[in-house]
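K.L.:
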Amino acid sequence: MPKESRSYSDVMSRRRFVELTGLSGAAALAGCSGDGSSTSDGGDGGDGGDGGDGGDGTDSSSGSQVYDANHIANTSVIPRNIQFNMQNPNSRVQKAQYHVFDQFARFNFARGEFIPHAIQEWNFTGDTFELTVRDGLNWENGDPVTAADIATQLKLDQLTNGPLWDYTESVEAVDDSTVALNLSGDVNPAIPRFDVLLKFVHQKESIFGEYLETYENGDEDEATRQLQEFAYQDVVASGPWTKEQAGQQRLQTARRDDHPDSENINFSNYSFDVYESNQAKHQALINLEVDSMFYPFVPPEVVNQFPDAVQMETTPAKWGFGLVPNHSDPHVGNRAVRQAIQYVINREAVKQNVGNTLKQVPELPIGIPSDDQERWLGDAMGEFDTYGVDSSMTDEAAAVLQEAGYEKNSNGIWANEDGPIELPVLVPSGWSDWVTATETVVDQLASFGFDAVVDSRSFDTLFSTTWPNSDFVISAGGWLPNSASGAFAYFSLHHQLIENFRGHVYNYPPAAESRGGSGEDVTVPSMDGSGEMTVNPQSRLSELSTISDEETINEIVREQAWVTNVDLPMIPVLEKLNQQFLTTDDWNIPEEGAEVSQVPAAPTWLAKKGEMTYKGD
52 MPKESRSYSD VMSRRRFVEL TGLSGAAALA GCSGDGSSTS DGGDGGDGGD
102 GGDGGDGTDS SSGSQVYDAN HIANTSVIPR NIQFNMQNPN SRVQKAQYHV
152 FDQFARFNFA RGEFIPHAIQ EWNFTGDTFE LTVRDGLNWE NGDPVTAADI
202 ATQLKLDQLT NGPLWDYTES VEAVDDSTVA LNLSGDVNPA IPRFDVLLKF
252 VHQKESIFGE YLETYENGDE DEATRQLQEF AYQDVVASGP WTKEQAGQQR
302 LQTARRDDHP DSENINFSNY SFDVYESNQA KHQALINLEV DSMFYPFVPP
352 EVVNQFPDAV QMETTPAKWG FGLVPNHSDP HVGNRAVRQA IQYVINREAV
402 KQNVGNTLKQ VPELPIGIPS DDQERWLGDA MGEFDTYGVD SSMTDEAAAV
452 LQEAGYEKNS NGIWANEDGP IELPVLVPSG WSDWVTATET VVDQLASFGF
502 DAVVDSRSFD TLFSTTWPNS DFVISAGGWL PNSASGAFAY FSLHHQLIEN
552 FRGHVYNYPP AAESRGGSGE DVTVPSMDGS GEMTVNPQSR LSELSTISDE
602 ETINEIVREQ AWVTNVDLPM IPVLEKLNQQ FLTTDDWNIP EEGAEVSQVP
652 AAPTWLAKKG EMTYKGD
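First residue of the sequence shown: 52, per this note's numbering; consecutive thereafter.
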């Protein structure tokens, strides 16, 4: 639809861990600053200045004038069907939840830490994890957001197997503004932060309390059913925007006057229009029909078509294209074959073919995201094998295969007594960037002497039957957990070694039973080259989840990263960068790459913080 006049009078497996979260260094992982506490004064290893107003040191007031102007963003859910109950999987709101609700905290990728927002302080005492509600935060009906509201929301997580209840004994409202999670045992202080702080303030006690009451009266199944079926459309907002209209094509929200962030917002309306295909999103940006755009896939050649008024921001996705071997296969179940595959793949060449601006290449193929490898490994990075970042190390690949008893047959294909190494590489057919990456990888593997071909199938087929049934030799798959939780090495290593989130039953012996494993030990060459070491990934990662000693944390992380580097339970290739777009024709926005923009759903955050303002008529 054409962009309207700015005057607008007609006025979102049981343990996927967290939606978005992150980490700033090993000290932040441990939650240690001498006493292991975490507060709003640099709550995750930051440098202070975050304060009780939930700011990030970059707030600016928009002044007193509020323009009758409408900011248009995108959604892919029909607005009249959108509902705001985050525990109902049907027609769940997409992106507007960042807008209508305040998050407990927001993660900033550039700073590598949590930014307080609805929760202005958090504190880990060893036995409890305490949260303090932001001063002056209220619901749109005028009621204050209280500790009872937050406690109700955290308690309801029991009904949908929220991970915080793996280590939480009870939740209580200590007073009107303080909530305490009473922990059932030892837990790494980072774990509750990752499981709690990226939640939204969205379950008002007076609305959602009935489901908790049903549960506490002993009828858990009925409470769960009712909660998951509740379509929350008459939403009561905790954020500075309230739902105003929801039609077939547009969800419109209006600015509240009584929210602590309202003074930063100088325009009256914020709308989300339906754009279902990437092509439609591209055209909307080309024509300046929208003011911002969340997470489309836009290849570089299309970005080049955008007018100068369109500004692209990228943030780490903490996931990306890799290869998932089926470890029960006689060939890719052999460590030597997996290492040879990793040696042959020229990761930089794959990135160039897919789109240089949209991907990054991990320096080390390990179970830790690219941006976080150095902070976790430090000087030990030089001990790990890169397998060739920007080259195909074919000599090394041949050597490792020959040592394992492989040789080329008369057809030029590497083979042993089990036959030739056949590598039909599965890939979701609709994922164009992954198809391009797979085609590039297959060309490299085939050139080296593997019998490699592309096997393209629908994602629904792969997700519903192929991957769960182990009906593959090797498949394209995400080598990271698809959220910033990957920055916390526990989650990213757990994804590779124990239980990947996409449901690949990859039969890796140390993995969980749900992924075809049996929790076995793994033996690899020792890190110092003196012999071999045998470790149990499940046991070591379980230990990591319960400790706060920084030295032991670093020891376990480096040890398990070494296992992923040598044994290659998955084969890392690329890491994705998420795209977001802002426009400058009618809006004052931060300069490209500004720290304040390095957050999920940046346009909603920038509006709240006074960093995206209307220029005026």
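Every residue gets a Cβ at the ideal spot worked out from N, C-alpha and C, and that includes glycine.
Source: prediction; values computed, not measured.
Where does GLU327 land, buried or exposed, given buried means 16+ other C-beta within 10 angstroms?
P.N.:
exposed
K.L.:
When you compare each of ALA450, GLN611, VAL486, PHE499 to GLU473 by their alpha carbons, which one comes out closest?
P.N.:
Residue PHE499 is the option with its Cα nearest to GLU473.
K.L.:
On the DSSP letters alone, give me the boundaries of the alpha helix (DSSP H) that LYS146 sits inside.
P.N.:
No alpha helix (DSSP H) holds LYS146; DSSP gives it neither H nor E.
K.L.:
Taking 8 Å as the threshold (C-beta atoms), are VAL341 and ILE123 in contact?
P.N.:
yes
K.L.:
Quickly, what does DSSP pair ILE622 with across the bridge? List them, please.
P.N.:
LEU374
K.L.:
Rounded to a whole number of angstroms, what is the C-alpha to C-alpha distance between SER565 and ASN587?
P.N.:
17 Å
K.L.:
Return helix, strand or coil for ILE417, following the three-state DSSP convention.
P.N.:
It is coil, neither helix nor strand.
K.L.:
Can you list, in chain order, the residues of its chain with a C-beta nearer than 8 Å to that of ARG609? Leave out the 5 residues immediately preceding and following it.
P.N.:
TRP427, LEU428, ALA431, MET578
K.L.:
Taking only runs of the beta strand (DSSP E) that begin and end inside the segment 433-518, which ones reach a length of at least 3 residues, in chain order?
P.N.:
465-467, 473-479, 502-508
K.L.:
How would you label TYR262, buried or exposed, when you count the other beta carbons within 10 angstroms and need 16 or more for buried?
P.N.:
buried
K.L.:
Rounded to whole angstroms, what's the CA-CA distance from VAL401 to PRO416? Just pull it up for me.
P.N.:
14 Å
K.L.:
Below 6 Å CB to CB, which residues in the same chain sit around ILE201 once its five sequence neighbours on both sides are set aside?
P.N.:
VAL230
K.L.:
Report buried or exposed for THR179, applying the criterion of at least 16 other Cβ atoms within 10 angstroms of its Cβ.
P.N.:
buried
K.L.:
Fully enclosed by the segment 302-353, which beta strand (DSSP E) runs are 3 residues long or longer?
P.N.:
318-325, 343-345
K.L.:
Using the beta-carbon count (16 or more within 10 Å), is ILE622 buried or exposed?
P.N.:
buried
K.L.:
Compare the beta carbon distance of LYS255 and TRP190 with 8 Å and say whether it is the shorter of the two.
P.N.:
yes
K.L.:
Report yes if the CB atom of PRO370 is closer than 8 Å to the CB atom of ASN533, and no otherwise.
P.N.:
First, the residue type needs correcting, since residue 370 is Trp and not Pro in the sequence shown. A contact, by the Cβ cut-off of 8 Å.
K.L.:
How close, in whole Å, do the beta carbons of VAL238 and THR597 come, if the pair is a contact with beta carbons under 8 Å?
P.N.:
So it is a contact: roughly 6 Å between Cβ atoms.
K.L.:
Going by DSSP, what residue range makes up the alpha helix (DSSP H) through ASP200?
P.N.:
198-207
K.L.:
Compare the beta carbon distance of PHE323 and ASN125 with 8 Å and say whether it is the shorter of the two.
P.N.:
yes
K.L.:
Out of THR211, ALA147, ASP194, LEU188, state which residue places its alpha-carbon closest to the alpha-carbon of PRO140.
P.N.:
For PRO140, the nearest C-alpha among the options comes from THR211.
K.L.:
Which of the three DSSP states is assigned to ASP359 in this structure?
P.N.:
coil
K.L.:
Which whole runs of the beta strand (DSSP E) in the segment 122-190 are 3 residues long or more, in chain order?
P.N.:
The qualifying runs are 156-159, 164-167, 170-175, 179-184.
K.L.:
CB-CB under 6 Å to THR585, same chain, minus the five flanking residues each way: which ones, in chain order?
P.N.:
ASP572, THR574
K.L.:
Do you know how far the Cα of GLU646 is from the Cα of THR109?
P.N.:
Because THR109 sits at a pLDDT of 39, beneath the cut-off of 50, its placement in the model cannot be relied upon, and the following sentence gives the value as read from the coordinates. Their backbone Cα atoms lie some 9 Å apart in a straight line.
K.L.:
Considering only DSSP beta bridges, list what GLN631 is partnered with.
P.N.:
Answer is PHE345, GLU364, bridged to GLN631.
K.L.:
Do the CB positions of GLN134 and TYR283 come within less than 8 Å of each other?
P.N.:
yes
K.L.:
Tell me which residues share the same chain as SER313 and place their Cβ nearer than 7 Å to its Cβ, disregarding the 5 neighbours each side in the sequence.
P.N.:
PRO291, ARG306, ARG307
K.L.:
What is the DSSP secondary structure of PHE245, reduced to helix, strand or coil?
P.N.:
Assignment of PHE245 by DSSP, reduced to helix, strand and coil, places it in the helix class.
K.L.:
Below 8 Å on the Cβ atoms is my contact criterion, and I expect ASN132 with THR664 to pass it. Report the Cβ-Cβ distance as a whole number of Å.
P.N.:
In fact, because the Cβ distance is near 32 Å, the residues do not count as touching under 8 Å.
K.L.:
Are the segment 384-391 and the segment 478-485 touching, with three or more C-beta to C-beta distances below 8 Å?
P.N.:
no
K.L.:
May I have a chain-ordered list of the alpha helix (DSSP H) segments no shorter than 4 residues that lie completely inside the segment 519-597?
P.N.:
Runs of the alpha helix (DSSP H) inside the segment 519-597: 540-548, 588-595.
K.L.:
DSSP state of GLN403, grouped into three classes?
P.N.:
helix
K.L.:
Reducing DSSP to helix, strand and coil, say where LEU409 ends up.
P.N.:
coil
K.L.:
Give the DSSP-derived three-state secondary structure of PHE251 in the structure shown.
P.N.:
DSSP places PHE251 in the strand class (E or B) of the three-state scheme.
K.L.:
Comparing C-alpha positions only, which one of GLY177, ASP227, GLU220, LEU207 sits nearest to VAL196?
P.N.:
Taking only the C-alpha atoms, the option nearest VAL196 is ASP227.
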